Structures are given as C-alpha cells and as structure tokens.
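Since the structure comes first, as structure tokens, the remarks are kept for the end.
In this note's numbering, the protein residues as written are 1 to 256.
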C-alpha cells in the first residue's frame, strides 16, 4: 500500500507532462498556418520599372559631332579613362561597365560596395570650346553630371569644370551646381536650389563652353550660366556621379 502511494504522484506528473506535449503538438500541427492564415502578411514587391528608350539626339548634334559614344559594344570603354575624384585606397576605386548598350556605374572595389566617392569616366577627346551632351537614367544613385576641360593625373588634385545635379528626393541643396575645381579646390560658379531631377526616367544634360562663357541646359532648357574671368584651358570631358551604383549614361556627344 505504501509503495502504491509513492507511485501515484509520479503517475500524475507523467500524465500532466503527456497532456502538455499533446497540446503543443496540436498547436503546432502541420496545416495550422494554412487554416488560420499567416500571422504577418507583407505587401507584394512592386515590379521593377522598365527602362524606356533613350531621348532622341537632335539632328543638329547628330549631323556633325566631333565625338560620339553610344556604348554599343562591350569594348566601348577601352579608350576611356576612369578616375576617382576623391582620394581612395587601392582596391576601392569606382567600377564602370557596359550594360546592354549603356555605360553603368558599378559601385566601388572588388566587393562592389556603395561608396560616396566622386567618380568620372573621361572620353578620349579634348575640348576647349564646344557642347558636351549626355543622357542619363538614375535608378537609385541620385547624383549625375558632366566634367569638362579636365586636366591632371590624379583625380583629387585635378582641375576641371563640373556640372552636378541631385535628384528631387534628396534633402541636400543646391540641387543644381556649376563648379570650377582647381587642383582639387572647388569654387561654385552658379547654383539653383531646386527642384532636382526625377529618378527612374531619362534626362539630358548639356554643357556649352565658349571661352569663359559657360551654359548648362537640362532637358533642353537653360539651367545654369556663368562667366569665368580666368577660364580653364582645353581638357578632357566625361560623365560624373558617385560610386553608389544605380545610374546609367548613354549617347555622349561632343559637338563644335
């Protein structure tokens, strides 16, 4: 009888343990999520926007340009010079590639990290006076522009004019700037506060240089103008952005 009394609590504990285990199994049984529906449901991912056709090149520029780059072949960058306009350590340089007939900024370094480094791709042509034109499509970078009359072996010590445009989603101002860089020192020549360009659509920026008279047009309209009393001499031209990826350039044209 005493032995029976000692076993009874053990049997009761075992019964409670089994009951709890069965309850848990019933709670977690297969099909429960399907029957009751998901606890947390995320909205569907929006489809990636389709990149439309490039803007049409005006007949006047297409008829007699000094230089044209449409990046139609994978070796289109062979004669270009890729520069970092800020100091970077070896291995962290900005990457560029040809992607589906367009020039794409492809982040920085071997790991393709996003970096705030200012970068430029310089065309194999020297310009004193003339018009430099490019189309660009911004996916998520937010900064686009041109450089002209570029001179120098090291980007952060070079001299050049720079057109710098920011997208409208950025809080920073000014959204549009025409700057003169002399041995790495930046001087604003003209600025406009906003509104900035819209991402995920094609835009066209043109930079006209006539001696010290400098004019920037955006989508066909005059955006910035300045007169430089000490104009830079002739130099290379190219496209400008930061090594954040997510931006394409096409139809680089230099006209008289």
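Ideal Cβ placement from N, Cα and C applies to all residues, glycine included. Remember, it's a predicted structure, so these values are computed and weren't measured experimentally.
Alpha-carbon to alpha-carbon, residue 171 and residue 144: As a first step, residue 144 is located in the chain shown; it is residue number 144 there, counting from the start. As a first step, residue 171 is located in the chain shown; it is residue number 171 there, counting from the start. If you take the alpha carbons of residue 144 and residue 171, they lie about 16 Å apart.
With respect to the beta strand (DSSP E) encompassing residue 105, which residues constitute its N-terminal and C-terminal limits? Stepping through the chain shown from its first residue, residue 105 is reached at position 105. Note, residue 105: beta strand (DSSP E), 102-108.
Which same chain residues, not among the five before or five after residue 112, have their C-beta less than 8 Å away from its C-beta? Position 112 of the chain shown holds residue 112. Taken in chain order, the residues that qualify are 95, 106, 245.
With a 10 Å radius around its C-beta and 16 neighbouring C-beta atoms as the bar for buried, classify residue 140 as buried or exposed. Here residue 140 is taken as the residue at index 140 of the chain shown, counted from 1. When all chains shown are included, residue 140 counts as exposed.
Can you tell me whether residue 246 is helix, strand or coil according to DSSP? To locate residue 246, count along the chain shown from 1; it is residue 246. It is coil, neither helix nor strand.
CA-to-CA distance, residue 127 to residue 209, given in whole angstroms: Residue mapping note: residue 209 aligns to position 209 of the chain shown, counting from 1. Residue mapping note: residue 127 aligns to position 127 of the chain shown, counting from 1. When rounded, the distance between both Cα atoms is 9 Å.
Measure the C-alpha to C-alpha separation of residue 75 and residue 98 and round it to an integer number of angstroms. For the purposes of this step, residue 75 is taken as the residue at position 75 of the chain shown. For the purposes of this step, residue 98 is taken as the residue at position 98 of the chain shown. Using only the alpha carbons, I get a separation of about 8 Å.
Quick one: measure Cβ to Cβ for residue 179 and residue 162, integer angstroms, because I've assumed they're closer than 8 Å. Looking up residue 179 in the chain shown gives position 179. Looking up residue 162 in the chain shown gives position 162. 5 Å between Cβ atoms; contact.
Name the residue from 55, 81, 176, 54 whose alpha carbon lies nearest to the alpha carbon of residue 239. Numbered from 1 along the chain shown, position 239 holds the residue referred to as residue 239. Out of 55, 81, 176, 54, 81 has the C-alpha closest to the C-alpha of residue 239.
Give the list of continuous beta strand (DSSP E) stretches no shorter than 3 residues that lie fully inside the segment 165-252. 176-182, 185-192, 202-210, 213-218, 221-227, 235-242
Report the option in 175, 230, 213 whose CA atom is closest to the CA atom of residue 129. Position 129 of the chain shown holds residue 129. Ranking the options by Cα distance to residue 129, first place goes to 213.
What do you get for residue 87, buried or exposed, if any count of 16 or more other CB atoms within 10 angstroms of its CB means buried? Looking up residue 87 in the chain shown gives position 87. So residue 87 counts as exposed.
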